[in-house]
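The next block holds one structure in the form of structure tokens; read it before the comments.
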Amino acid sequence: MSQECIETPLAYPARLTPEAEGGFTVTFGDLPEAITYGANEREASAMAVEVLELAIAERMDRGEDIPTPGPARPDELLVSMRPLLAAKVALYCALARDHVSKSELARRLGVDEAVVRRMLHPRRATRIDNVASALNVLGVSLQVTTVSPRPETRA
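Residue numbers (the numbering used here): 196 to 350.
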């Protein structure tokens, strides 16, 4: 399990490749299974978020490694997942890093293990403050950062 996914922004570089017939194919070097297509740059960018989140969720479901995002090249688009999923990924990585089981985390939080399982489920709604509390128990502080899009990607 990559420990770096705890202390790094979870924005993954994506390459938008123009297709001869039109549109753009989107690929992620860090997540080779994440491939999508959009009829134009805006649609391809929106689809990139969807496929990124799907690939991350599938890895979490299977108990697989979440790779640390590599550096973006100037011709790549940085794609971020929604904040709640990013927080869940950080919790998933922190548990693996510290070799803490779901039942042990539940004990430390004073909750039923089912609460922790729901908290870690990538597709279940969870209050982000609960995920932040679980991270704090593991010695990780959740921080939120905002960034403006690159000028060429603004709507």
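Where is the CB? At the ideal position from N, CA and C, for every residue including glycine.
In this text the structure is predicted, and so the values were computed from the model without any measurement.
Residue environment for Val-246: buried (at least 16 other C-beta atoms within 10 angstroms of its C-beta).
The C-beta of Ser-298 has fewer than 16 other C-beta atoms within 10 Å across all chains shown, which makes the residue exposed.
Classified as exposed, Val-342 has fewer than 16 neighbouring CB atoms from the shown chains inside 10 Å of its CB. Per DSSP, Val-326 is one residue of the alpha helix (DSSP H) stretching across 323 to 332. Linking Thr-321 to Ile-261 through their CA atoms gives a straight-line distance of about 20 Å.
Around the CB of Pro-264, 16 or more other CB atoms lie within 10 Å, so the residue is classed as buried.
When the beta-carbon positions are compared, Leu-249 and Ala-229 come within less than 9 Å of each other. When DSSP reads this structure, Val-221 sits in a beta bridge with Leu-211 and Thr-231.
In terms of Cβ geometry, Met-255 and Pro-204 do not form a close pair [threshold 9 Å].
For Ser-296 and Ala-206, the gap between their C-alpha atoms comes out near 27 Å. Counting along the chain, Val-274 sits inside the beta strand (DSSP E) bounded by residues 272 to 275. About 11 Å separates the beta carbon of Met-314 from that of Ala-327, a gap too long to meet the 8 Å contact definition.
Judged by beta-carbon spacing, Val-244 lies beyond the 9 Å limit of Ala-289, meaning their Cβ atoms are not closer than that value.
A distance below 8 Å between beta-carbons, with the five flanking residues on each side excluded, links Thr-340 to the following residues of its chain, in chain order: Pro-204.
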